[in-house]
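Residue numbers (the numbering used here): 1 to 280.
In this text, a Cβ means the ideal position worked out from N, Cα and C, and glycines have one as well.
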């Protein structure tokens, strides 16, 4: 059985299976995620310069280098198969540092080689390029669990005031703030916030984000026995889509970075929650 090393990185498959690379006999040499990959578009404005007209985020590549150790020739081959299993890229998987377990990258591995030294117990340095399509790390938990477990899911990079922790659930409050603690806006068609409402709204309800000047309306009556969910672009009531057709406005809500001023109109005796991940 291969030796264990100090925990450094964890690979988590989509089914929840976790691999502590140090425990698996994999000694991480380097893991250095780069900065976001911004792509800028420019328009020539005259003879002497251009104006930036758009900026988008591209995927980034996370370089990972490690050594693999084994006890004998047979264990060496078993270790090779284990590495292929851990970094299997038929599906995406997550990777995160034990020093920052509250942020993770969703990645897929480019093809890589498994070079061997002239012995049975150690592979040469193995370098893997991990493609991260979103270009950002995400919080390991959603906003509904962010403040639970003695704040273990919060990290120093999130720049949160411990004396004014953000809230993502509200009861019977018509004006409140939703705080996007991440570095990019939460757009309804890309990284949607799932909003769930339960309460009385005899004439329907209106939800306004005054910060983005956006408004969503649901026109039909609601009672506390109903559950209205606004999942990005799609409103859902009791499991059935209610987009347009006299049920709702064909509108949606985005959330800028930082504080968003929210107003809820037409409801009483209600509870509303906002569930999302944040991106850094």
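**Request:** Kindly provide the ranges of any alpha helix (DSSP H) runs that are 4 or more residues long and lie completely inside the stretch 51-126, ordered along the chain.
**Result:** Taking 4 residues as the minimum length, the alpha helix (DSSP H) runs contained wholly in the stretch 51-126 are 73-86, in order along the chain.
**Request:** Evaluate residue 224 with the Cβ neighbour count: other Cβ atoms within 10 Å of its Cβ, from every protein chain shown; 16 or more gives buried, anything less gives exposed.
**Result:** Exposed, since its Cβ has fewer than 16 Cβ neighbours within 10 Å.
**Request:** From the DSSP output, in three-state form, read off residue 133 for me.
**Result:** Here residue 133 sits in coil by DSSP.
**Message:** Do residue 188 and residue 243 have their beta-carbon atoms positioned less than 8 Å apart in this structure?
**Reply:** Going by beta carbons, residue 243 and residue 188 fall outside the 8 Å limit.
**Request:** Look up residue 167 in the DSSP assignment and say whether it is helix, strand or coil.
**Result:** It is coil, neither helix nor strand.
**Asked** So is residue 25 buried or exposed if we call it buried at 16+ other beta carbons inside 10 Å?
**Response** With at least 16 other beta carbons inside 10 angstroms of its own, residue 25 counts as buried.
**Asked** If you run the structure through DSSP and keep just helix, strand and coil, what is residue 37?
**Response** DSSP places residue 37 within a strand segment (E or B) once states are collapsed to three.
**Assumed close pair residue 276, residue 143 - CB separation to whole angstroms, cut-off 8 Å** = Sure, about 5 Å apart at Cβ, within 8 Å.
**Request:** Name the residue from 21, 200 and 214 whose alpha carbon lies nearest to the alpha carbon of residue 97.
**Result:** Of the candidates 21, 200 and 214, the one whose C-alpha sits nearest the C-alpha of residue 97 is 21.
**Request:** Work out the CA separation of residue 239 and residue 34 for me, nearest whole Å.
**Result:** When rounded, the distance between both Cα atoms is 41 Å.
**Prompt:** Under the three-state reduction of DSSP, which class applies to residue 181: helix, strand or coil?
**Reply:** Coil at residue 181, not helix or strand.
**Message:** Distance check for residue 93 and residue 190, CA to CA, integer angstroms please.
**Reply:** Using only the alpha carbons, I get a separation of about 19 Å.
**Item:** Nearest to residue 30 (by Cα), restricted to the options 195, 272, 227 and 67
**Value:** Considering only alpha carbons, the answer is 67.
**Request:** Answer with buried or exposed for residue 260, where buried requires no fewer than 16 other C-beta atoms within 10 angstroms of its C-beta.
**Result:** With 16 or more other Cβ atoms from the protein chains shown falling within 10 Å of its own Cβ, residue 260 counts as buried.
**Item:** Outcome for residue 138 when other beta-carbon atoms lying within 10 angstroms are tallied against a minimum of 16
**Value:** Buried.
**Asked** On the three-state DSSP scale, how would you describe residue 220?
**Response** Reduced to three states, the DSSP call for residue 220 is coil.
**Asked** CB residue 182 to CB residue 61, shorter than 8 Å?
**Response** No, the Cβ-Cβ distance between residue 182 and residue 61 is not below 8 Å.
**Request:** Using alpha carbons as the reference points, say which of 221, 199 and 175 lies closest to residue 210.
**Result:** Of all alpha-carbon atoms in 221, 199 and 175, the one lying nearest the alpha-carbon of residue 210 is that of 175.
**Request:** Buried or exposed for residue 287, please, with buried defined as at least 16 other CB atoms from any protein chain shown within 10 angstroms of its CB.
**Result:** Look at the range of the chain in this structure, 1 to 280, and you will see that residue 287 is not part of it.
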